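**Q** This is the structure, below, for whatever I ask next.
Put into structure tokens, the structure is as follows:
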């Protein structure tokens with residue numbers, strides 16, 4: 012080969028090497044992933060755009076200690092993406108979205124700790140319109156998604172409505188940019204989309220007009236939010252609901268059937284329901300533990316400040332709800348926000364505690380406001396209670412159930428048959444009375460009062476709403492059967508129910524010298540002396556004369572009590588409940604153990620009783636009631 016030819020070949024080879032190096036550098040900045048596999052984010056670096064083709068299964072590996080800037084990842088339809096310790100911060104670049112999904116069938120699997128932060132107008136993770144995304148991961152796998160201004164944490168960007176977002180597991184934190192939802196709509200987005208949470212630990216925080224989960228400022232209000240499990244903490248931004256609508260938006264459709272949910276509205280927003288000036292929407296709670304609190308005039312559950320309660324149904328779960336307030340406005344615990352009506356509220360199960368805002372909100376019903384033209388109260392709406400234990404407390408003139416302070420119309424309080432119902436408080440007594448799950452309730456109702464998810468409070472109290480004159484006689488719990496006699500009255504009344512088990516019953520007799528007792532079924536020679544008849548004799552007469560004979564008494568066991576009366580009287584007087592001296596129920600049909608023995612004595616002025624082995628005596632009846640007049 013001639014020297015000139017050799018020089019040309021060398022130049023061509025050098026040029027090829029340079030072109031190859033240039034191409035590799037370009038791929039490090041931008042690239043399309045066309046095959047499934049594992050890719051290192053370090054191979055792309057800062058200022059890169061990464062497209063993942065439709066239907067691929069891809070793992071992106073980052074470094075927990077490394078932060079990449081201006082990296083945009085765009086996924087096609089049906090992508091299964093695993094993010095392992097990926098940290099992207101695009102906050103300094105407008106319209107730069109860290110991660111976007113399009114189409115349906117997408118899955119994001121969390122591994123390690125990943126943080127995605129987008130620039131202005133973009134969500135941390137974009138799932139808009141008809142796009143779908145399912146997020147899952149282990150308990151220690153974490154994702155933090157931070158939206159830029161006008162962008163949701165997860166969901167829509169500026170003018171972008173939320174898509175269909177499902178969280179099954181993992182730890183997910185979603186922080187909104189200004190005007191947006193933590194999870195849901197972007198600022199001015201047309202729709203909220205559908206958010207479903209089945210598990211995991213989810214923390215969602217809205218920002219200035221956005222809900223924690225739901226709508227955004229000037230955004231859509233027709234969203235659907237479904238929570239069936241997990242631990243969910245949702246906090247609305249100013250004027251946004253914790254879960255539900257953004258500013259000026261209703262709550263949409265909200266369904267909670269499980270999990271532990273804590274929802275706190277921002278100023279003017281409901282805990283669960285409408286944003287400021289938004290109605291509650293359609294809210295259904297059938298399970299789980301729900302804590303809902305409002306701020307500045309919103310209802311705990313229902314309307315935001317200035318919004319009616321909507322359609323609220325509680326079938327089960329443990330629900331605690333408090334209305335928000337300031338010095339001039341208050342929302343209901345459940346129902347309407349400040350100045351607004353309660354809506355339609357139906358409770359058929361669960362443990363419900365509702366507290367009105369302290370400036371006049373109803374516990375359940377309407378909100379309240381005090382202005383220069385006087386006090387205007389929201390009406391109570393239509394409240395139906397056919398089950399559950401319901402403790403409702405109004406504040407500062409607000410009804411427990413009914414209108415807010417100053418309301419002219421307190422609405423209606425009825426059962427499912429349209430009959431008026433009234434509060435009946437049952438106080439369980441004895442071991443196991445507090446926090447006792449109720450398995451059944453015995454009443455003379457023609458319908459079944461639903462006790463799904465009903466438990467007594469820590470002090471053993473139950474709050475039932477029953478028609479006038481309803482007789483309640485038994486409350487069954489795993490710790491025992493509590494018996495009593497409650498008759499529902501118009502005025503709220505408390506009744507005391509003591510526990511009794513199906514142990515051995517006690518019977519009594521009087522022989523020539525003693526009152527005696529034995530267990531039912533024992534032999535004739537098993538009678539035990541209870542008290543000598545001589546102990547019941549009348550006192551000596553005054554001035555040395557004999558007094559008249561004392562009046563004889565008789566005893567019996569009846570109606571669940573040991574009872575006494577004077578011979579010839581018609582009324583029996585209770586001494587002690589038989590359930591208190593019966594033994595506990597025997598297992599699997601066996602006989603129960605022996606009950607507690609009782610002793611009686613005459614202390615000179617009073618007949619007293621106590622359980623054998625105890626030190627404290629209890630007064631039964633004064634001797635003066637048993638004796639004749641003094642002699643003269």
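Residue numbers (this note's numbering): 12 to 643. Idealized CB from N, CA, C, for every residue including glycine. Model, not experiment: these values are computed from the prediction.
For residue 289 and residue 314, which I take to be in contact (beta-carbon distance under 8 Å), what is that distance rounded to the nearest angstrom?
**A** Rounded, the Cβ-Cβ distance is 7 Å, consistent with contact.
**Q** Residue 534 to residue 528, Cα distance in whole Å?
**A** About 12 Å.
**Q** What three-state label does DSSP hand residue 53 in the structure shown?
**A** Residue 53: helix per DSSP, three-state reduction.
**Q** Helix or strand or just coil, what does DSSP make of residue 121?
**A** The answer is strand: DSSP assigns residue 121 an E or B state.
**Q** Would residue 471 and residue 434 qualify as a contact pair, given that the criterion is a beta-carbon distance under 8 Å?
**A** No, the Cβ-Cβ distance between residue 471 and residue 434 is not below 8 Å.
**Q** In or out: residue 326 buried (at least 16 other Cβ within 10 Å) or exposed?
**A** Per the 10 Å Cβ criterion, buried.
**Q** Buried or exposed: which applies to residue 55, given that a residue is buried once 16 or more other Cβ atoms fall within 10 Å of its Cβ?
**A** With 16 or more Cβ atoms within 10 Å of its Cβ, residue 55 is classed as buried.
**Q** To which residues does DSSP link residue 78 through a beta bridge?
**A** In DSSP, residue 78 forms no bridge with anything.
**Q** Our contact map puts residue 373 next to residue 391 with C-beta atoms below 8 Å; I'd like the distance itself, whole angstroms only.
**A** Right, their Cβ atoms sit about 6 Å apart.
**Q** Could you give the DSSP three-state label for residue 544: helix, strand or coil?
**A** Residue 544: helix per DSSP, three-state reduction.
**Q** Is the beta carbon of residue 152 less than 8 Å from the beta carbon of residue 128?
**A** Contact flag unset, no.
**Q** Evaluate residue 458 with the Cβ neighbour count: other Cβ atoms within 10 Å of its Cβ, from every protein chain shown; 16 or more gives buried, anything less gives exposed.
**A** Residue 458 is exposed by the Cβ-count criterion.
**Q** Just how far apart, CA to CA, sit residue 292 and residue 393?
**A** C-alpha separation (whole angstroms): 15 Å.
**Q** For residue 340 and residue 308, what's the separation of their Cα atoms in angstroms?
**A** Cα-Cα distance, rounded: 5 Å.
**Q** May I have the straight-line CA-CA distance separating residue 213 from residue 626, to the nearest angstrom?
**A** Each residue's alpha carbon lies about 56 Å from the other.
**Q** Using C-beta distances below 6 Å, list every residue in its chain close to residue 257, excluding the 5 sequence neighbours before and after it, in chain order.
**A** Excluding positions up to five away in sequence, the list reads 220, 221, 222, 226, 227, 228, 230, 251 and 286.
**Q** Put residue 535 into one of helix, strand or coil per three-state DSSP.
**A** If DSSP states are grouped into helix, strand and coil, residue 535 belongs with the helices.
**Q** Report yes if the C-beta of residue 454 is less than 7 Å from at least one heavy atom of the ligand SAM; otherwise report no.
**A** With respect to the ligand SAM, the structure shown offers nothing to examine, as it has no ligands at all.
**Q** Check residue 222 in the structure and name its three-state DSSP category.
**A** Coil at residue 222, not helix or strand.
**Q** Let me make sure I understand the geometry here. Which of 319, 329, 317 and 280 has the alpha-carbon closest to that of residue 301?
**A** When only C-alpha atoms are compared, the closest one is 329.
**Q** How far does the beta strand (DSSP E) with residue 147 in it reach, from first residue to last?
**A** Unbroken beta strand (DSSP E) run through residue 147: 143-148.
**Q** For residue 350, which residues does DSSP report across the bridge?
**A** Paired residue(s): none; residue 350 is not in a bridge.
**Q** My guess is that residue 461 and residue 320 are in contact by the Cβ rule of under 8 Å, so how many angstroms apart are they, rounded?
**A** Between residue 320 and residue 461 the Cβ distance is about 22 Å, and since that is not below 8 Å, they are no contact.
**Q** Which one of 141, 269, 279 and 271 has the shortest CA to CA distance from residue 247?
**A** Residue 279 is the option with its Cα nearest to residue 247.
**Q** Taking the beta carbon of residue 306 as the centre, do at least 16 other beta carbons fall within 10 Å, making it buried, or is it exposed?
**A** Buried, because 16 or more other Cβ atoms sit within 10 Å of the Cβ of residue 306.
**Q** Which same chain residues, not among the five before or five after residue 102, have their C-beta less than 7 Å away from its C-beta?
**A** Only 128, 130 and 159 meet the Cβ criterion.
**Q** Return the chain-ordered list of same chain residues with a C-beta closer than 6 Å to the C-beta of residue 116, the five sequence neighbours on each side being excluded.
**A** Excluding positions up to five away in sequence, the list reads 89.
**Q** At what residues does the beta strand (DSSP E) containing residue 213 begin and finish?
**A** Counting along the chain, the beta strand (DSSP E) containing residue 213 begins and ends at 212-216.
**Q** Once the 5 residues before and after residue 155 are set aside, which same chain residues still bring their CB inside 6 Å of it?
**A** Answer for residue 155: 126 and 184, listed in chain order.
**Q** Based on the DSSP output, what are the partners of residue 106 in its beta bridges?
**A** DSSP, once it has assigned bridges, lists no residue as partnering residue 106.
**Q** Taking C-beta to C-beta, are residue 200 and residue 167 nearer than 8 Å?
**A** Yes. Within cutoff.
**Q** Taking DSSP as the reference, what is the three-state secondary structure of residue 488?
**A** The answer is strand: DSSP assigns residue 488 an E or B state.
**Q** If I follow the unbroken beta strand (DSSP E) through residue 462, where does it start and stop?
**A** Note, residue 462: premise wrong, no beta strand (DSSP E); not H, not E.
**Q** Using DSSP bridges, identify the partner residues of residue 41.
**A** Paired residues: 60.
**Q** What residues are listed by DSSP as bridge partners for residue 304?
**A** DSSP, once it has assigned bridges, lists 275 and 333 as partnering residue 304.
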